[in-house]
Every structure is written in structure tokens, then in C-alpha cells.
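This report refers to the structure that appears directly beneath it.
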Amino acid sequence: MGTSDSEFNSDLLLAHKLPETRYTYNERDVAIYALGIGACGQDAVDSDELKFVYHRNGQDLIQVLPTFASLFTLGSLTEGLDLPGFKYDPSLLLHGQQYIEIYRPLPSKASLVNKVSLAGLQDKGKAAILELETRSYEEGSGELLCMNRTTVFLRGAGGFSNSSQPFSYKNYPSNQGLAVKIPQRQPLTVCEERTQPSQALLYRLSGDYNPLHSDPEFAKLAGFPRPILHGLCTLGFAIKAIIKCVCKGDPTAVKTISGRFLTTVFPGETLITEMWLEGLRVIYQTKVKERNKTVLAGYVDIRGLSSSL
Ligand SMILES: CCCCCCC/C=C/C(=O)SCCNC(=O)CCNC(=O)[C@H](O)C(C)(C)COP(=O)(O)OP(=O)(O)OC[C@H]1O[C@@H](n2cnc3c(N)ncnc32)[C@H](O)[C@@H]1OP(=O)(O)O
15 MGTSDSEFNS
25 DLLLAHKLPE
35 TRYTYNERDV
45 AIYALGIGAC
55 GQDAVDSDEL
65 KFVYHRNGQD
75 LIQVLPTFAS
85 LFTLGSLTEG
95 LDLPGFKYDP
105 SLLLHGQQYI
115 EIYRPLPSKA
125 SLVNKVSLAG
135 LQDKGKAAIL
145 ELETRSYEEG
155 SGELLCMNRT
165 TVFLRGAGGF
175 SNSSQPFSYK
185 NYPSNQGLAV
195 KIPQRQPLTV
205 CEERTQPSQA
215 LLYRLSGDYN
225 PLHSDPEFAK
235 LAGFPRPILH
245 GLCTLGFAIK
255 AIIKCVCKGD
265 PTAVKTISGR
275 FLTTVFPGET
285 LITEMWLEGL
295 RVIYQTKVKE
305 RNKTVLAGYV
315 DIRGLSSSL
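Numbered according to this note's numbering, the sequence shown spans residues 15 to 323.
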């Protein structure tokens, strides 16, 4: 559903200011999110994961998983994005990539102001690739907490620019969030975790209510046999596995997260995350066991390593 050449004006689009959004959360949101990405999903007293959903000395001591930061961007895309001269069908939107930089450990409750900007737009003919950058500042202190770059793959929205010179705009360093090269050697470690058939129904309570993840009829219209798992839920499982296996359970060790969604995951499938260490970078890929398909690949940069690795 791209626009015609005459409607598309790149100057107008690039000059367009996106509205600020706000995001306020508390320990309950943090715990619901952690449950949504499988924390304590196989073992309710898992000593590595209980701290993300419960703290006996008060919920304000609950620890926050770094991928919780991805929720801060929710308002911009899920409530529809208004860009001059550019139209897309929200029911055909797929999450393509997520890139997150965490500058400070995430507090267990906060009110945030999000500054949103267009980070990229590419006309791929059959699709458009749209990227939004969100910088999240703590209200009050004004401190920058994190940055998210969300890439969405808009099926049917390509062809909006001149086909002899398709529009391509990116305003960030080319080495950020690139598709990773998976090493040929055996992984350092592997983590397997089964998602629940109800996983997307639980995950959506963290704020992404797109019916693609819950409504069988809507999923069929969007081209899928049944509702699919949120990409950010799969990413949450993968990064939780890295925190457990490489970061010795310390969520604050994670500095940067990058992930590309390669194919869809269905709730109830088993995720196998393979990890390789290259300096302070963990390269990872996540496969669906039942279909032997790689569904997600990316990297995590960490702040330090324990000597036992
Ligand atoms: C809090 C914010 C939330 C925002 C999102 C809210 C909505 C959430 C929705 C979801 O969660 S959907 C579920 C998660 N996502 C998925 O399941 C998508 C999985 N991926 C795919 O199905 C496929 O990769 C694809 C996206 C359909 C693309 O496959 P296709 O075969 O059509 O593409 P290609 O022909 O290989 O490539 C064309 C072109 O596009 C580039 N590209 C391909 N995949 C991606 C990607 N995942 N992200 C970014 N770019 C992608 C590819 O490089 C090609 O470009 P060129 O190389 O030609 O320049």
C-alpha cells in the first residue's frame, strides 16, 4: 500500500517531527513483563529468575531485565504512526529488528519521557523498512536511560518512491545492528526453553495488544495459520538465556542488544539459543527446535566477564 511518486516528498518526511511519548511503569509491570518472557515459566523457584518477578523484602527491589527497555517505545508504533506522504497497512506490519543501548541500570519504577525520531526509511519494492529511534529520559532528573531503534518491515508498503532510484535513508552508523555472522565453531553454551501455548496472551499484557498475536481470524488475514509470537517476546527469551548462561544472572551486565527477526515463532514452540563469545560481544542465534529454523540472530555487548568463562 505504498503512496504514488507525486505524493511522496522526502524533504517533507525528513523535516517531520514525531511527538514525544511518555511511559510510566512500576514493579508490577516489571514482573508481568518477566513472566511474559518466560521467567520462572519452567520452575517457579528458579534461583536465577525469581528476582525478576518477586522480592521478599519489598517489590521495589525487584530486578529489571534489560529487554524491558524495549517496551518504552510502544506508544509510537502500536498507536499508528503518522508520516507525511507515507502510508502503510498496520495489519501487514512485522517487527524486523531491535537495537537497544542501556546507559544506566533500569530502575524498578520510573516515569519516562521518550524523544522519538525517524532513523531510517527504505523502499524495497515489495516492502518498506521503517526505523524509529527512541531516547528515553527519566522525568525529573532528565537523565538518559536508554535508546531503542525499532525496525519494522511493512509488507506491501514499498514502491512509494521513484523505482529507478528507490528511496533509502539511514541516519545512524552502518555498523550498528547489522546482521551478524554466525561463527562456524561449536557454541560456547546453549540454552533451551519451551514457550507456553499461552505465551503471546501473557506477553501482550505488557502493552502490545496487536491482534496478530491473539486473534486467529486476524492472524489468517495477515497471512499466518494462527497467531504468532511477538518478536520482542522471542528477543526477551534469548537475552534472558544470555544473562543466565554468560552474565551469571546479572541483568546489569548487558550494555547493547541487537536482534533481527528472521522468521516467525508460534506460541508453544521450543527456543534453543546458541551463544558464542568474541571479546565482550556475545553472538547468538535462536532456533525453533520443532522446525529446526533460525528465528532470531544478533549480538549482545556486555560490560565485563566473570573469570570462570
Ligand atoms: C515496541 C515497538 C514494537 C514495534 C512492533 C510492533 C508490532 C510487532 C510485530 C511483531 O512482533 S511481528 C513478529 C516478529 N517478527 C517476525 O516474525 C518477522 C520474521 N521475519 C520474517 O518473516 C522475514 O524476515 C521478513 C521480515 C518477512 C522478510 O523476509 P523476506 O523474505 O520478505 O525478505 P527478503 O527478500 O529476504 O529481504 C528483502 C529486504 O529486506 C531486508 N530484510 C529482510 N528481513 C529483514 C528484517 N527482519 N529486518 C530488517 N530488514 C530485513 C533484506 O535485507 C532485504 O534488503 P536488501 O538486502 O535487498 O537491501
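The beta-carbon is built from N, C-alpha and C at its ideal position, and this holds for glycine as well.
| request: Report buried or exposed for Gln-190, applying the criterion of at least 16 other Cβ atoms within 10 angstroms of its Cβ. | output: exposed
| query | Under 8 Å from any heavy atom of ligand 1, does the C-beta of Pro-209 make it? | reply | It is worth fixing the name first, because residue 209 is Thr in this sequence and not Pro. Incorrect: Thr-209 has no Cβ contact closer than 8 Å to ligand 1.
| message | DSSP has Val-166 in a bridge; who is on the other side? | response | His-109, Leu-144
| message | Is Gly-36 close to ligand 1? I mean its beta-carbon at under 8 Å from any heavy atom of the ligand. | response | Residue identity differs from the one stated: residue 36 is Arg in this sequence, not Gly. Outside the cutoff, so no.
| task | Compute the Euclidean distance between the alpha carbons of Pro-187 and Tyr-298, then round it to the nearest angstrom. | result | 21 Å
| What's the gap between the Cα of Ala-142 and the Cα of Phe-22? | 13 Å
| Looking only at its own chain, which residues have a Cβ that is under 6 Å from the Cβ of Pro-265, when we skip the five neighbours before and after it? | Gln-77, Leu-79, Pro-80, Ile-257
| message | Less than 8 Å separating the Cβ of Ser-228 from some heavy atom of ligand 1? | response | no
| Minimum C-alpha distance to Gly-173 - residue among Glu-153, Tyr-117, Leu-95, Leu-135 | Leu-135
| task | Check Val-78 in the structure and name its three-state DSSP category. | result | coil
| task | Please state if the CB of Gly-245 and the CB of Phe-275 are separated by a distance shorter than 9 Å. | result | yes
| message | Taking the alpha carbon of Gly-312 as the reference point, which residue from Arg-305, Ile-286, Gly-273, Gly-293 has its own alpha carbon closest? | response | Gly-273
| message | Could you give the first and the last residue of the continuous beta strand (DSSP E) run that contains Ser-125? | response | 124-137
| Sequence-distant residues of the same chain with beta carbon closer than 6 Å to Leu-107, five excluded per side | Val-166, Leu-168
| said: According to DSSP, is Val-314 part of a helix, a strand, or is it coil? | reply: strand
| So Val-268 is in the alpha helix (DSSP H); what residue range does that whole segment cover? | Val-268 -> not in any alpha helix (DSSP H); beta strand (DSSP E) instead, spanning 268-275.
| Hey, is Gln-136 close to ligand 1, as in C-beta under 8 Å from one of its heavy atoms? | yes
| message | Pairs of beta-carbons, one from the segment 276-284 and one from the segment 93-102, closer than 8 Å: are there three or more? | response | no
| request: For Leu-291, write down the residues that DSSP places opposite it in a beta bridge. | output: Val-296
| request: Using a threshold of 9 Å, state whether the C-beta atoms of Lys-123 and Asn-71 are closer than that. | output: no
| task | State the start and end residues of the unbroken alpha helix (DSSP H) segment that holds Lys-254. | result | 245-259
| Would you report the Cα separation of Ala-255 and Arg-305, rounded to the nearest angstrom? | 20 Å
| message | Pop quiz: Ala-252 and Leu-310 are said to be a contact at Cβ under 8 Å. What is the actual Cβ separation, rounded to whole angstroms? | response | 6 Å
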